[in-house]
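S.K.: Sequential numbering of the sequence shown, starting at 484, is according to my numbering.
Virtual Cβ for every residue (Gly too), placed ideally from N, Cα, C.
Note that this is a predicted model, so its numbers are computed, not measured.
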Amino acid sequence: MDKLKKDAERISSLEIQGATDVCLSACDFLSDYAQRLEIDDKKKILKKLHKGKDILFATRPTEPAMKNGLNYILKKLEKELELIAISEIPSKVQQFKDEYHKMLLDSKAKIAKIGANRFPDDDPEGFTVFTHCHSSVVTAILIEAKNQGKNFRVVNTETQPKLQGRKTAKELLDAGIKVIHVVDSAMRWAVNHFEADIILVGADSITSEGTVLNKIGSRLLALVSRENHVPFYVATPLLKYNPETSFGILEIIEMRDTNEIWEEPPKNLEIVNPAFETVSRRYIDGLITEAGIFPSAHAYLWFQKLYPDLVS
Ligand code: RUB
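(1) Pull up the CB-CB distance for Leu557 and His533, whole angstroms please, since I reckon it's below 8 Å.
(2) Suppose you measure from the CA of Asp504 to the CA of Gly685; what does that come to, to the nearest Å?
(3) May I ask which residues mark the beginning and end of the beta strand (DSSP E) holding Glu627?
(4) Starting from Asp592 and walking both ways along the alpha helix (DSSP H), at which residues does that stretch end?
(5) Tell me which residues share the same chain as Lys550 and place their Cβ nearer than 8 Å to its Cβ, disregarding the 5 neighbours each side in the sequence.
(6) Which residues share a DSSP beta bridge with Thr611?
(7) Beta carbon of Leu587, beta carbon of Ala623: below 9 Å?
(8) In the DSSP assignment, find the beta strand (DSSP E) that holds Thr772 and state where it starts and stops.
(9) Residues in the same chain with beta-carbon distance under 8 Å from Tyr555, minus the five sequence neighbours each way, listed in chain order, please.
(10) Write down every uninterrupted run of the beta strand (DSSP E) in the segment 733-788 whose length is 3 residues or greater and which is fully enclosed by it, in chain order.
(11) Using 8 Å as the cut-off, classify the Cβ of Val620 as near or not near the heavy atoms of ligand 1, replying yes or no.
(12) Are the segment 611-630 and the segment 495-502 touching, with three or more C-beta to C-beta distances below 8 Å?
(13) Of the choices Glu571, Phe777, Tyr783 and Lys645, whose alpha-carbon is the least far from that of Gly598?
(14) Would you mind working out which of Ser508, Ala652 and Leu497 sits nearest Leu796, comparing C-alpha positions?
(15) Look at the alpha carbon of Leu564 and the alpha carbon of Asp515, and state the distance between them as a whole number of angstroms.
(16) Taking 8 Å as the line, does the beta carbon of Phe759 fall inside it for any heavy atom of ligand 1?
(17) Could you tell me the boundaries of the alpha helix (DSSP H) in which Ile556 lies?
(18) If we ignore side chains and look at the alpha-carbon of each, how far apart do Lys530 and Thr542 end up?
(19) Does any heavy atom of ligand 1 sit closer than 8 Å to the C-beta of Thr728?
(20) Would you call the CB atoms of Ile528 and Ile567 closer than 9 Å?
(21) Flag Asn697 as yes when its Cβ comes closer than 8 Å to any non-hydrogen atom of ligand 1, and as no otherwise.
(22) Along the alpha helix (DSSP H) that carries Val666, what are the first and last residues, could you check?
(23) Kindly indicate which residue of Leu625, Lys645 and Asp589 has the alpha-carbon position closest to the one of Glu746.
(24) Please report how far the alpha carbon of Leu683 lies from the alpha carbon of Val717, in whole angstroms.
(25) Check whether the Cβ of Leu703 lies closer than 8 Å to any heavy atom of ligand 1, and answer yes or no.
(26) Can you tell me whether Gly693 is buried or exposed, with buried defined as 16 or more other CB within 10 angstroms of its CB?
(27) How about Glu720 and Ile594: are their beta carbons less than 9 Å apart?
(28) Less than 9 Å between the C-beta atoms of Asn639 and Phe613, yes or no?
(29) What do you get for Asn697, buried or exposed, if any count of 16 or more other CB atoms within 10 angstroms of its CB means buried?
(30) Note down the Cα distance separating Lys629 from Gly775, rounded to an integer number of angstroms.
(31) Using a threshold of 8 Å, is the CB atom of Ala568 nearer than that to any non-hydrogen atom of ligand 1?
(32) Is Arg677 helix, strand or coil by DSSP?
(33) Quick one: is Phe730 buried, meaning 16 or more other Cβ sit within 10 Å of its Cβ, or exposed?
(34) Is DSSP giving Asp790 helix, strand or coil here?
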């Protein structure tokens, strides 16, 4: 359990960040934990794995792709538990983990292609994309568009307080894409000044009403998109759908340590550090998903169609 707790710390500290990477790593960590368990009782093993799942869930509360993944692995194991030998449990956990990884990575590859289609083949004016934070799904679209020979530049925010925008900028520069980097508060100015043609962000969670949760600042950016008449798209695998929201349970917004903002603040200062915020469906022109591009209010129907086992 100590090793699992150390692994979990890598997620909560943001060493591993972004919904997709958090999900892939959490599933790996649970599978690794299963390989290390030396218990001679199926029910006890399952109990331990559920405890491990809860530790991983607690690392980032606003991450349904991770929750869906860990639930997928354990639900499948529970279904087969009676039929398999105790010695087969570790390899079964690994098999279900690999299946979920594949579902997520295949979705991302499809989204990269679909999203890249949204870019013009040849824009003589120069196509400008605006993005916020670091989304591996957004960068996959941008790199795919670049590989297809499309001509565009990217304007991105630094994303306080953890500066994930630098990761985005470095990855895009490495791929040969022109990047212009601005502070978060220059968001409105930059969308207007650089005449952005499209705003593209990732997602951490999608609710039953088609609300998207993404890095703090995303709704501000959506409001900027309205003011400047720039289409606002969210690139996201449907595995980020939170099935609990269909039953009236509200998505949680993770509040992070205030040290990230100010390590030694003056006494009596109240600091708040929300990691995410909601973007209501009325501000979203489309979700770019593995099932295609559609209004965010349709997310539930597609999730149900593509992943019926995950609807609970
Ligand atoms: C990252 C963030 C990303 C989404 C999507 O926040 O908001 O836009 O997680 O990422 P944090 P991806 O840095 O707090 O994890 O597209 O890679 O799933």
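M.R.: Per the coordinate set shown:
(1) 7 Å
(2) 13 Å
(3) Taken as a continuous stretch (DSSP letters only), Glu627 belongs to no beta strand (DSSP E), being part of the alpha helix (DSSP H) at Ser619 to Asn630.
(4) Note that residue 592 is Ala in the sequence shown, not Asp. Unbroken alpha helix (DSSP H) run through Ala592: Ile572 to Asn600.
(5) Phe540 and Asn725
(6) Arg636
(7) no
(8) Judged by DSSP secondary structure, Thr772 falls within the beta strand (DSSP E) whose first and last residues are Gly769 to Thr772.
(9) Phe579, Glu582, Tyr583, Asp792 and Leu793
(10) 759-762, 769-772 and 775-777
(11) yes
(12) Touching, yes, given that three or more Cβ pairs across the two stretches are closer than 8 Å.
(13) Comparing Cα-Cα distances from Gly598 to each of Glu571, Phe777, Tyr783 and Lys645, the minimum goes to Phe777.
(14) This structure leaves residue 796 out entirely; the chain is present only between 484 and 795.
(15) 18 Å
(16) yes
(17) Pro547 to Glu563
(18) 19 Å
(19) no
(20) no
(21) yes
(22) Judged by DSSP secondary structure, Val666 falls outside any alpha helix (DSSP H); it is assigned neither H nor E.
(23) Lys645
(24) 6 Å
(25) no
(26) Residue burial is scored here from C-beta neighbours: Gly693 has at least 16 other C-beta atoms within 10 angstroms and is therefore classed as buried.
(27) With the sequence shown as reference, residue 720 is identified as Pro, and Glu is not the correct amino acid for it. In contact: Pro720 and Ile594 (Cβ atoms closer than 9 Å).
(28) yes
(29) buried
(30) 20 Å
(31) no
(32) The sequence as given places Phe at residue 677; Arg does not occur at that position. Coil.
(33) exposed
(34) Note on residue identity: the sequence assigns Tyr, not Asp, to residue 790. In the three-state reduction of the DSSP assignment, Tyr790 falls in the coil class, being assigned neither a helical nor a strand state.
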